[in-house]
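Written out below as structure tokens is the structure these notes cover.
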Amino acid sequence: QVQLQESGPGLVKPSETLSLTCTVSGGSITNYYWSWIRQSPGKGLEWMGDIHYRGSTNYNPSLKSRVTLSVDTSRNQFSLKLTSVTAADTAVYYCARLVRGALAQYFHHWGHGTLVTVSS
Amino acid sequence: DIQMTQSPSSLSASGGDRVTITCRASQSIVSSLNWYQQKPGKAPKLLIYAASSLQSGVPSRFSGSGSGTDFTLTISSLQPEDFATYYCQQSYSPLLTFGGGTQVKIK
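Those protein sequence lines, which keep their order, are chains A and B. Under my numbering, read the first sequence as residues 3 to 122, first letter to last. Under my numbering, read the second sequence as residues -2 to 104, first letter to last.
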């Protein structure tokens, strides 16, 4: 059974960079797409972007100038960097596996989520 | 962006009730619609994908229907473990978007 675990600082100062890593266990990171999704009271669930194990990326246009995803297949990990954060970026951040099916793309296997608070 | 609107935003129901949640897309998304269940403090869990396909391991009391712009999630007989928030998500557009959620509460 594939398991995902987010890790990273729970507190980030305004204007700094939020960095999170998702470690995949119980399966290989290869042959799949991997996503970051965040959830805040004000904006609900928001897809931030996804990355293929070979490194190709898709980003939410609303975040595109600030977000970078990367993958490390040797460590079975993928990562998120979000620059110039503000209080509006305070949210629970989830990593998830994105299944690109013939009729739909859906998020199967989620991490537990990690709360990141942006505050000085 | 394709906007997803769920209704109602919350509902109260009793065990054994039949519950229906609606999700409407701002444009046709054909059948590219998925449903998730989220319990407090937990990650969302996939229930239905491609509008009507039941994810493996999900009880058969859950079903999805619809196409185009209007979709429905039905719980045929509400069980205690079904009290949660439900979200729809479209994948017709490369910009994946979610509905605002429907909270199912105990009456």
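For glycine and all other residues, C-beta sits at the position ideal for the given N, C-alpha and C. Since the structure is predicted, the reported quantities are computational estimates derived from the model, not experimental observations.
is_contact[residue i, chain A] using C-beta, thresh 8 Å
i, result
"B/Tyr83", "no"
"B/Phe59", "no"
"B/Gly63", "no"
"B/Leu70", "no"
"B/Ala22", "no"
Beta-carbon proximity check, residue i vs residue j, cutoff 8 Å
i, j, result
"A/Gly46", "A/Thr59", "no"
"A/Leu100", "A/Tyr35", "yes"
"A/Gln41", "A/Val118", "no"
"A/Ala98", "A/Leu6", "yes"
Cβ-based neighbour list, residue i, same chain, cut-off 7 Å, excluding 5 preceding and 5 following
i, result
"B/Val101", "Leu8, Ala10, Val16, Asp79, Phe80, Ala81, Tyr83"
"A/Val120", "Val14, Pro16, Val87, Thr88, Ala89, Asp91, Thr92"
Below-8 Å beta-carbon distance, residue i vs any chain B residue
i, result
"A/Tyr95", "no"
"A/His114", "yes"
"A/Tyr34", "no"
"A/Gln3", "no"
"A/Pro43", "no"
"A/Gln107", "yes"
Assigned exposure category for residue i - 16 Cβ within 10 Å defines buried
i, result
"B/Gly96", "buried"
"A/Val4", "exposed"
"B/Pro41", "buried"
"B/Ile103", "exposed"
Cut-off 8 Å between Cβ atoms - residues of its own chain near residue i, not counting five sequence neighbours on either side
i, result
"B/Val27", "Ser64, Gly65, Tyr89"
Sequence-distant residues of its chain with Cβ nearer than 6 Å to residue i (five each side left out)
i, result
"A/Thr116", "Glu8, Tyr95"
"A/Leu84", "Leu20, Arg68, Val69"
Contact between the segment 59 to 75 of chain B and the segment 10 to 20 of chain A (3+ Cβ pairs under 8 Å): no
Contact between the segment 8 to 22 of chain B and the segment 22 to 33 of chain A (3+ Cβ pairs under 8 Å): Not touching, per the Cβ criterion.
Segment contact, 8 Å Cβ cut-off, at least three pairs: the segment 29 to 40 of chain B with the segment 108 to 118 of chain A: Segments in contact, yes.
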